[in-house]
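>
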Amino acid sequence: MKAIKEYLNSFKLKKTFWQTFAIDLITILLILALFASILLLLNSQAKQISNGKDIELLKQQLLDGTIDSQQFLGQIKMLIFILLVGGSLVTIASLLLYSFSRNIVWNLLLNQKSKLNWKWNWLIIILIIFATVYTGIGLFIWMLLNLLIAALLTAGGLAASIITGIMLMLLLIIWLFFAMAVYYSYSHSNKIWLSIGEAFNVIKTHWSKLWKALLLAFFTLFIINLIAWLLGIWLFSYPTSITIIKYGMFFFFVTWLRVYLVSLIKEN
């Protein structure tokens, strides 16, 4: 069967896969470093304010006048400044970094000449809004399923975990398919709203291949989750290592899926 052959061939990881995987990994690490830096600043300022005292003791000292209220107020203002201004700058920097990395990744995937395109920022913002709405709908469906299973089945807990787990994996893959189709379309058209509409056309045009790819991607994600679960049992004493491995496997899956889908869409 051609679909199975294409699926197996997709695991012959070529240079493009490793390049895009490296870009994804570096991007995520840099974004994490940005947010870690702002958290360290906030933590440092909070420690300076509390000076090792608990909240009740601070309240009592403020009431007693043993703490300089003006100095305390100044420290609180600085904490709020770091939170609002620093948090905003880190968020903007993360958006710019992520958008820039998507620009590079999709130029590599489609063998296009590298060029800086700031409109990627707006596309990412729009997709974040779409993802938020999509997540809300998914959570609503998840709650309904849990209630339905609990009402119909005696062993509702286990059944709910299995069924909702399957549903969440499907919803994730459907979103990844859509987002990648949008990125693919935008890389060709360079028009934000047109690319979002064109993404549906891309999926429709290649549906005979993509529905099989969706099932195979679901199977792949299921296997990855199974491996992660087994590793979690084996390495239960090392929670940090388990977390790193799980996220690493997920990034590997997303990079593989992106290369796999692009190869299917480009093949005509």
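When we follow my numbering, the leftmost residue of the sequence shown carries the number 66, and every step to the right adds one. Don't be surprised by glycine CBs; every beta carbon is placed ideally from N, CA and C.
Among Trp294, Gln177, Leu162, Phe317, which has the Cα closest to the Cα of tryptophan 83?
Residue 83 sits at position 18 when you count from the first residue of the sequence shown. Ranking the options by Cα distance to tryptophan 83, first place goes to Phe317.
> Are the region 154-163 and the region 92-104 touching, with three or more C-beta to C-beta distances below 8 angstroms?
The region 154-163 is in contact with the region 92-104.
> State the DSSP-derived secondary structure class of leucine 181, mapped to helix, strand or coil.
Locating residue 181 in the sequence shown gives position 116, where the first residue counts as 1. Leucine 181: coil per DSSP, three-state reduction.
> Following the continuous alpha helix (DSSP H) through tyrosine 303, name the residue where it begins and the one where it ends.
The count along the sequence shown starts at 1 and reaches residue 303 at position 238. Neither: tyrosine 303 is in no alpha helix (DSSP H) and is coded neither H nor E.
> Quick check on the burial criterion: 16 or more other C-beta atoms within 10 angstroms. Buried or exposed for glutamine 110?
Counting from one through the sequence shown, the residue named residue 110 turns up at place 45. Buried: at least 16 other Cβ atoms inside 10 Å.
> Less than 8 angstroms between the beta carbons of isoleucine 257 and tryptophan 171, yes or no?
Your numbering for residue 257 matches position 192 in the sequence shown. Your numbering for residue 171 matches position 106 in the sequence shown. Cβ distance not < 8 angstroms, so isoleucine 257 and tryptophan 171 don't count as in contact.
> Take leucine 210 and list the residues in its own chain whose beta-carbon comes closer than 8 angstroms to its own, dropping the five residues that flank it on each side.
Translated into the one-based positions of the sequence shown, residue 210 becomes position 145. Answer for leucine 210: Ala225, Ile228, Thr229, Met232, listed in chain order.
> Looking at isoleucine 292 and isoleucine 169, is the spacing between their C-beta atoms short of 8 angstroms?
Reading the sequence shown from its first residue, position 104 is the one you call residue 169. Reading the sequence shown from its first residue, position 227 is the one you call residue 292. Cβ atoms of isoleucine 169 and isoleucine 292: not closer than 8 angstroms.
> By the DSSP assignment, the alpha helix (DSSP H) with isoleucine 268 in it spans what residues?
The residue you call residue 268 lines up with position 203 of the sequence shown. That run of the alpha helix (DSSP H) goes 257-270.
> Kindly indicate which residue of Ala264, Trp183, Gly297 has the alpha-carbon position closest to the one of isoleucine 239.
Along the sequence shown, read from residue 1 onward, the residue named residue 239 stands at position 174. The shortest C-alpha separation from isoleucine 239 is found at Ala264.
> On the three-state DSSP scale, how would you describe lysine 142?
Here the question's residue 142 lines up with position 77 in the sequence shown. If DSSP states are grouped into helix, strand and coil, lysine 142 belongs with the helices.
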